[in-house]
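A.B. asks: Its first residue numbered 39, the sequence shown is counted upward by one per residue in the working numbering. Glycine included, each C-beta is placed from N, C-alpha and C at the ideal position.
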Amino acid sequence: MKIEIAIIIAIAAVGVGVFLGSLLRSKLGSSKIANAEKTAKDIVDNAKREADSVLKEADLQAKDTVLKAKSVWEDEVREVRREIQSQEKRLQQKEENLDRKSDQLDDRDRDLQRREQSLRDKEANLAEKQQEAEGLVKEQRASLEKISGMSSEEARKMLVESMESEARHDAAKLIKQIEEEAQETADKKAKNILALSIQRYAGDYVAEKSVSVVPLPNDEMKGRIIGREGRNIRAIEAATGIDLIIDDTPEAVIISGFNPVRREVARLSLEKLIADGRIHPSRIEEVVKKSEQEVDESIREAGEQATFDVGVHGIHAEVMKLVGRLRYRTSYGQNVLQHSLEVSFLCGIMA
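Listed below in structure tokens is the structure:
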């Protein structure tokens, strides 16, 4: 009996132990799940907060970028509008000047027509007076023949001498008057022709200076142009015969020289060296030689084009080259070749 009771008690203890173990495992698992869910929720909340912060920052940056772009665009639009207004103002001034010149030419033309009509009237009046004089001569001839009894030949001779003296006097006065009016008319016609010729010529006036400016991609390029201990800049100046001025001017080098052809060679050479990036004495000499050949070709083409424009052919090649060199010469700030073409064109119109 005791053994049975012990077995029952053991079985009950095992059951209670199993029950308590199961209950303990259940409580322990629920706590871990709750902790995991809380941790997951915290992670999600933090992620949402960070995402909202990133979105807000991106939105602010986008708005700032849009505002800056809009400001730049508005500045560019204002600049374009100012340039358009300036061009419209210049065009309006040119139109007003042309209108004034046209009115002046119309007034001169009307005045010239009035003077020409006055000359025609005077010529007609002179012809009429000549007819009257011839009638008077006939009348005086008849009267003299009756009064003096002179022969017709004698009377005619005396009358002719008298009328000849008077006619010479009147003719001298009339000739002088006509010459003065013709001189005045010729002066006005010449001025009118010159004004019309200038208006018909649409050439541009370009003032040139004794310096050229070459832009640089950055200020670091100045050091490369100067070179170690100034070797590169000395090589450029020796090869081109001009002076390079490298000062505080941002991203620019100034080429100074009174020979415009050499200055052009230096400008082309420097631009090629900057674009190529290889700047050293041997490379400088090579580039300068190529630039000199290009300038010589440009001079030849300018001479050929100038002679073609004015219609002159059969010119010696050396003379044509000298004409082309005028492209790089200036006189009182004006390009000599352009000025020569203008004079040729105006002379052709007035001829």
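#1: Near Pro6, what residues of its chain come up, given a Cβ to Cβ distance below 8 Å and the 5 sequence neighbours on each side ignored?
#2: Please state whether the Cβ-Cβ distance between Ile293 and Val249 is less than 9 Å.
#3: Please say whether Ala290 and Val326 have beta carbons closer to each other than 9 Å?
#4: For the putative contact between Ser307 and Thr278, defined by C-beta atoms under 8 Å, what is the C-beta separation to the nearest angstrom?
#5: Count the other C-beta atoms from every protein chain shown that fall within 10 angstroms of the C-beta of Glu302, then say buried if there are 16 or more, exposed otherwise.
#6: CA-CA distance, Asp147 and Lys160?
#7: Which full runs of the alpha helix (DSSP H) of 4+ residues lie inside the stretch 337–372, going along the chain?
#8: Can you find at least 3 beta carbon pairs, one from the stretch 193–213 and one from the stretch 169–178, that sit closer than 8 Å?
#9: I need the DSSP call for Pro464, collapsed to helix, strand or coil.
#10: What residue range does the alpha helix (DSSP H) around Ile264 cover?
#11: In its own chain, which residues sit with a C-beta less than 8 Å from the C-beta of Ile337, not counting the 5 before and 5 after it?
#12: Which two residues bound the contiguous beta strand (DSSP E) that contains Ile280?
#13: Would you mind sorting Ala340 into buried or exposed? The rule is 16 or more other CB atoms within 10 Å of its CB.
#14: Hey, could you find the ends of the alpha helix (DSSP H) Pro298 is sitting in?
#15: Tell me the rounded alpha-carbon separation between Tyr243 and Ser369.
#16: Just to confirm, is the Cβ distance from Asn373 to Ile317 under 9 Å?
#17: Determine the extent of the beta strand (DSSP E) in which Pro253 is found, giving its start and end residues.
#18: Between Ile322 and Met259, is the Cβ-Cβ spacing less than 9 Å?
#19: How many angstroms separate the CA atom of Val348 from the CA atom of Ser382?
#20: I need the DSSP call for Ile317, collapsed to helix, strand or coil.
#21: Under the assumption that Ile280 contacts Gly295 (Cβ atoms under 8 Å), give the Cβ distance between them as a whole number of angstroms.
#22: Starting from Ile293, follow its DSSP beta bridges and name the residues at the other end.
C.D. replies: Walking through what the data contain:
#1: With the chain running from 39 to 389 in the structure shown, residue 6 is simply not present.
#2: Taking 9 Å as the Cβ cut-off, Ile293 and Val249 qualify as a contacting pair.
#3: no
#4: 6 Å
#5: So Glu302 counts as buried.
#6: 20 Å
#7: 355–363
#8: yes
#9: An answer regarding residue 464 cannot be provided, because it is not within the stretch 39 to 389 covered by the chain.
#10: 258–264
#11: Val299, Lys359, Gly362, Arg363, Arg365, Tyr366
#12: Looking at the DSSP string, Ile280 is not in any beta strand (DSSP E), and its letter there is neither H nor E.
#13: Under this definition Ala340 is a buried residue.
#14: 298–314
#15: For Tyr243, the pLDDT reaches just 41, beneath the cut-off of 50, and the residue's location in the model is therefore unreliable, leaving the point undetermined.
#16: no
#17: Here the beta strand (DSSP E) through Pro253 covers 249–253.
#18: In this structure, Ile322 keeps its C-beta atom at 9 Å or more from the C-beta atom of Met259.
#19: Val348 and Ser382: Cα-Cα distance of roughly 7 Å.
#20: coil
#21: 3 Å
#22: For Ile293, which the question treats as bridged, DSSP gives the partners Ser250, Leu282.
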